[in-house]
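**Q**
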Amino acid sequence: MGNILEEFWYGNINPQEQSKESNRAIKELIKLMGRNRDRLHDSMTAEQQETLEKYDDCVNEMYGLIELEIFSYAFRLGGRLMLATLMDSGEDA
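For the sequence shown, the working numbering assigns the number 1149 to the initial residue and increments by one for each residue that follows.
1. Only counting the same chain, and skipping five residues up and downstream in sequence, which positions put a Cβ closer than 8 Å to that of Ala1194?
2. Using a Cβ-Cβ cutoff of less than 7 Å, which residues in the same chain neighbour His1189 once the five nearest sequence positions on both sides are dropped?
3. Which runs of the beta strand (DSSP E), 3 residues or longer, sit entirely within the region 1194 to 1222?
4. When the distance is taken between beta carbons, is Ile1161 closer than 7 Å to Glu1155?
5. Quick check: what's the CA-CA separation for Glu1176 versus Arg1183?
6. For the alpha helix (DSSP H) holding Asp1236, just list the boundary residues, first then last.
7. Taking only the alpha-carbon atoms, compute the straight-line gap between Ser1170 and Met1235 and give it to the nearest angstrom.
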């Protein structure tokens, strides 16, 4: 158990990256979003590009906060499930 905790502590375990790497649909959507954003950006004036970049910053910050909330909730839920499993008297088995 110590190894996984150390890996997590040192930042070697990153659930956000792992979910994106293993899901083909997410990878394809990210590519499509990037291409469309680039096309949109290239068609804008300098002022519009600056506004789009500020919008992107806000969206990225929001998604980061959402991912943190989901991760925290899921981690606590996993802990509660593990605790319930360990405290189960085994009468049903």
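We put the beta carbon where it would ideally sit given N, CA and C, even for glycine. Being a predicted model, the structure only gives us computed values, none of them experimental.
**A** Taking the coordinates as given:
1. Excluding its 5 nearest sequence neighbours in each direction, Ala1194 has no C-beta neighbour in its own chain below 8 Å.
2. Closer than 7 Å at Cβ, skipping near neighbours: Gln1197, Leu1200.
3. none
4. yes
5. 11 Å
6. Element bounds for Asp1236: n/a, residue is neither H nor E.
7. 34 Å
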